[in-house]
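In my numbering, the protein residues as written are 161 to 510.
Glycine is no exception: its CB is placed at the ideal position from the N, C-alpha and C atoms.
Please read these numbers as outputs of a predicted model, since none were measured by experiment.
Data block below; observations after.
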Ligand SMILES: [Zn+2]
């Protein structure tokens, strides 16, 4: 009997911490990425890496003045080339507030607390062109020498801030980007930095759109691959918290040693009114499907998900992965692979 088919999209945002303290290239990018890639490849699967190219453009800018920046740029570009050579997809992922990043030469880290330019929408045309076109050119420069046929036709917005899509549309067209991976269906957040509202997004894994990213348009030029979310019951959340606390006490295995991310401050709901039926990303029993959120406690929820759904889109971050998370994902792929025929190539899902 042939196995039932399941689509499992394994994606990563390849980035440093984007708040008070960025952490290092080695701890946040190189080491955890290599570890998780070994697991993914052991199971014969493929992944997509959304590269925070705004980080790399900033390194380029500082490379002449600081040797450490020049070295980091070299390390990361070689790493991206190696990920690509291993057969995984590489696409851009922009965090525009890198434009206002402050370099900390003592520790070779960055401080990204100025969030005025967090959203691409808030940039002027020159800045948009500079970082979008610069990002596409930079990635092509890393990949094309060994893979001249590579098509860079996917994108994921930093912090899910892809709205209004009209700000992106000209750049998608200019660079022939057809696939977007930014929508986390049903969730919303209105914060001091981030703004997104996907509460009206089609409840579909894949759909076409044109100028409004949450409006399905069969004739639309672009394709959305919706990020999956999972319901975590209150008792599981509670047990998971206790487990995390003890596991960290015993092992010290936690990402918060590496850097400090951005802290979202919600806008007063009386100013921006949240929708009634969406999920508040900061306060919901629903959460995105992510390797860094997996644990022994949540394993049954993840197994149930793949039993019931044909499409599972993971959004994970190497910087946040613990050894426990990596083991859990290894177990999960073993479980899924033994029961189902797994497809991880997004081009076979669209
Ligand atoms: Zn990001």
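Burial state of residue i, where buried means 16 or more other Cβ atoms lie within 10 Å
i: residue 311; result: exposed
i: residue 402; result: exposed
i: residue 161; result: exposed
i: residue 445; result: exposed
i: residue 443; result: exposed
i: residue 279; result: buried
i: residue 284; result: exposed
i: residue 379; result: exposed
i: residue 406; result: exposed
i: residue 198; result: exposed
i: residue 423; result: exposed
i: residue 167; result: buried
i: residue 479; result: buried
Distance, residue j Cα to residue i Cα
i: residue 235; j: residue 345; result: 35 Å
i: residue 388; j: residue 416; result: 25 Å
i: residue 332; j: residue 300; result: 15 Å
i: residue 297; j: residue 326; result: 22 Å
i: residue 487; j: residue 470; result: 23 Å
i: residue 504; j: residue 201; result: 11 Å
i: residue 464; j: residue 229; result: 45 Å
i: residue 323; j: residue 410; result: 42 Å
i: residue 371; j: residue 356; result: 15 Å
i: residue 420; j: residue 270; result: 10 Å
i: residue 521; j: residue 495; result: The structure shown does not extend to residue 521, since the chain is modelled only from 161 through 510, so no value can be given for it.
i: residue 437; j: residue 358; result: 10 Å
i: residue 376; j: residue 510; result: 14 Å
i: residue 232; j: residue 215; result: 10 Å
i: residue 490; j: residue 430; result: 44 Å
i: residue 338; j: residue 273; result: 32 Å
i: residue 295; j: residue 382; result: 20 Å
i: residue 287; j: residue 281; result: 10 Å
i: residue 217; j: residue 369; result: 30 Å
i: residue 261; j: residue 394; result: 38 Å
Per DSSP, the bridge partner or partners of residue i
i: residue 380; result: According to DSSP, residue 380 bridges with nothing at all.
i: residue 316; result: 253
i: residue 258; result: Note: residue 258 sits in no beta bridge, so no partner.
i: residue 166; result: 502
i: residue 367; result: 384
i: residue 391; result: 446
i: residue 355; result: 350
i: residue 472; result: 168
i: residue 211; result: 174, 252
i: residue 264; result: 269
Minimum C-alpha distance to residue i - residue among the options
i: residue 266; options: 184, 494, 426; result: 184
i: residue 292; options: 382, 213, 272, 489; result: 213
i: residue 165; options: 217, 480, 472, 478; result: 472
i: residue 256; options: 262, 277, 398; result: 277
i: residue 192; options: 353, 413, 379, 357; result: 413
i: residue 244; options: 225, 233, 208; result: 208
i: residue 572; options: 253, 496, 204, 425; result: As displayed, the chain neither begins before 161 nor continues past 510, which places residue 572 out of reach and without an answer.
i: residue 173; options: 485, 259, 189, 167; result: 189
i: residue 219; options: 237, 203, 206, 210; result: 237
i: residue 313; options: 340, 302, 305, 290; result: 340
i: residue 493; options: 315, 204, 180, 182; result: 204
i: residue 175; options: 195, 253, 242; result: 253
i: residue 303; options: 242, 194, 321, 275; result: 242
Sequence-distant residues of the same chain with beta carbon closer than 6 Å to residue i, five excluded per side
i: residue 317; result: 342
i: residue 361; result: 343, 345, 374
i: residue 365; result: 386, 471
i: residue 319; result: 354
i: residue 497; result: 203
Close-in-space but distant-in-sequence residues of the same chain around residue i (CB under 8 Å, 5 per side omitted)
i: residue 163; result: 499, 500, 501
i: residue 457; result: 396, 399, 400, 403
i: residue 449; result: 387, 388, 389, 390, 462, 465, 472, 473, 474, 475
i: residue 206; result: 170, 200, 247, 248, 249, 504, 505
i: residue 440; result: 347, 348, 349, 434
Beta-carbon contacts of residue i that lie in its chain and below 7 Å, excluding the five residues immediately before and after
i: residue 222; result: 229, 263
i: residue 363; result: 345
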